[in-house]
Amino acid sequence: MSEDGLRSFIFGLLLAVSATGCVREPEGPPEVPLLPGGYRLRLDGDRVDPGQFVTEETPDGVRVTNGPGGIVWRPQDTVTVGDFRAEAAFTLMGAPVAYREGYGVFVGGRNLDGPSPRYLYLMVRPTGEYMVKRRVGQATETLVDWLPHASVLPVAADGDTPMNVVAIEAVGGEARFLVNGTVVFSMPTAEAEPFGVAGLRVNHRLDLIVGKWSVGPPPRAAPTTSVP
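What follows is the structure in C-alpha cells.
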C-alpha cells in the first residue's frame, strides 16, 4: 500500500471509530422490579432507585415506605368486561398536618411496563381532599383537581393515623369513584375507559399500611353519593 493509500485508510478508520462512538444505544423499556406476592413496580421517572420503595408484610397488611412515587400492580388483577370494583384500605402513618402527598387506586391500566403507560386513578391526601386523573405516557389529564370532601379522613393532629378506603367501580354505564363508601365523583363508563389492569398509586415520601386490596364484583348495596 502506498503512503497516500495508508493515510487514507487510517483517516477512514478514525472516522468510523468516531462515528460509532457518537451513536447512542436505543433506550429500552423502563425497569419493572418485582415485589413480594408477584406485584410489579413502576416508579415515576427513569433515574430513581427502586430500593427506596420498600414493602414489608405486617399483621394489618403490607407496609409501604417510599422515597419515589409510582404504581404497583399484578397482571392477574385485570378486568376486561362487566361490573367490578377495585378497592384498598390505606392507613397513613407519621404524616404531619397539612402534608400534601396522595395515595389511592387506579384502573384501566395498559402498557404499564412499556414506554407509554395509561391508567385512570383516584387519590386522597392528608389534607382531606381527593383528586381524579388520567395518565397517558408522561402526560396527565386532570378530571377533578384536589377538592375537599367530608368523606376523606384527614390528618387533623400530630399522631393521627387515618384509614381511608379508596375504590373505583364500574356499574352498568357508570364509573364511580368512592372514598369510605361514598361516591365523590362519577362519569360514563365509556369516557372513563376503566377496563384493564387495576392497582395502587402512591406518591413520594409516604408511610402507608395497605390492606384489603381486592378486585372483583361490586357489593350489592348501593353506595352513598355525596357532593363536596
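The letter at position 190 of the sequence shown is residue 265 when you use our numbering, and the numbering goes up by one with no holes. Idealized CB from N, CA, C, for every residue including glycine. Here the structure is a predicted model, which is why all the values come from computation and not from measurement.
For residue i, collect the residues of the same chain with a Cβ closer than 8 Å to its Cβ; drop the 5 residues on either side in sequence, then sort them by chain order.
i    : result
V258 : R251, F252, P298, T299, T300 and S301
E249 : S261, M262, P263 and T264
P125 : E106, P108, L116 and L118
C97  : Model confidence at C97 stands at a pLDDT of 38, short of 50, so the residue's coordinates are unreliable; what they give is reported in the following sentence. Counting only Cβ-Cβ distances below 8 Å, and skipping sequence neighbours, we find nothing.
Of the residues the options, which one's Cα is nearest the Cα of residue i?
i    : options                   : result
P19  : V241, Q127, R117 and V137 : This structure leaves residue 19 out entirely; the chain is present only between 76 and 303.
L281 : N255, L118, V139 and A225 : V139
T151 : D124, A273, P292 and P294 : Looking at the sequence provided, one finds Gln at residue 151 rather than Thr. Taking only the C-alpha atoms, the option nearest Q151 is A273.
D158 : I284, T264 and H279       : T264
Y174 : D124, R185 and A232       : A232
V277 : E162, T133, P171 and V199 : V199
P293 : E266, A267 and V246       : V246
R185 : G234, G120 and Y194       : Y194
D121 : P190, T202 and G203       : P190
N141 : T133, V156 and F128       : F128
H279 : G145, P201 and G113       : G145
V123 : A225, P143 and V156       : P143
A225 : V254, G169 and G234       : V254
G234 : D220, G256 and G169       : G169
Mind checking residue i: buried by the 16 CB within 10 Å criterion, or exposed?
i    : result
L109 : exposed
A94  : Residue confidence for A94 is low, a pLDDT of 36 falling below 50, so the modelled location carries little weight and cannot support an answer.
R210 : buried
E266 : exposed
A296 : exposed
P192 : buried
P171 : exposed
F290 : Strictly speaking, residue 290 in this sequence is Val, with Phe absent from that position. When all chains shown are included, V290 counts as buried.
On the premise that residue j lies in contact with residue i, defined as a C-beta separation below 8 Å, what is that separation, rounded to the nearest angstrom?
i    : j    : result
V180 : F270 : That belief does not hold up - the Cβ atoms of V180 and F270 are roughly 15 Å apart, past 8 Å.
L167 : T236 : 6 Å
R116 : V147 : Per the sequence shown, the amino acid found at residue 116 is Leu instead of Arg. About 5 Å separates the two Cβ atoms, so the contact holds.
L228 : P303 : Not quite, the Cβ-Cβ distance comes to about 15 Å (not below 8 Å), so this is no contact.
E268 : G183 : 5 Å
R149 : Y114 : 5 Å
In its own chain, which residues sit with a C-beta less than 7 Å from the C-beta of residue i, not counting the 5 before and 5 after it?
i    : result
K208 : Y196, T215, E216, T217 and L218
A163 : V180, V241, L275, V285, K287 and W288
V156 : F270
G177 : M198, V199, R200, M206 and N278
N239 : F165, V199, V227, L228, V254 and N255
So, for residue i: in the same chain, excluding its five sequence neighbours on each side, which residues have a beta-carbon less than 6 Å away from its beta-carbon?
i    : result
E131 : R138
R160 : A242, E244 and P293
D135 : I284 and G286
G203 : P223, V227 and P229
**Message:** Just to confirm the assignment: which complete beta strand (DSSP E) runs, minimum length 3, are found wholly within the region 200 to 247?
**Reply:** 204 to 211, 214 to 223 and 238 to 246
**Prompt:** Quick one: complete alpha helix (DSSP H) runs, 4+ long, within the region 101 to 141?
**Reply:** none
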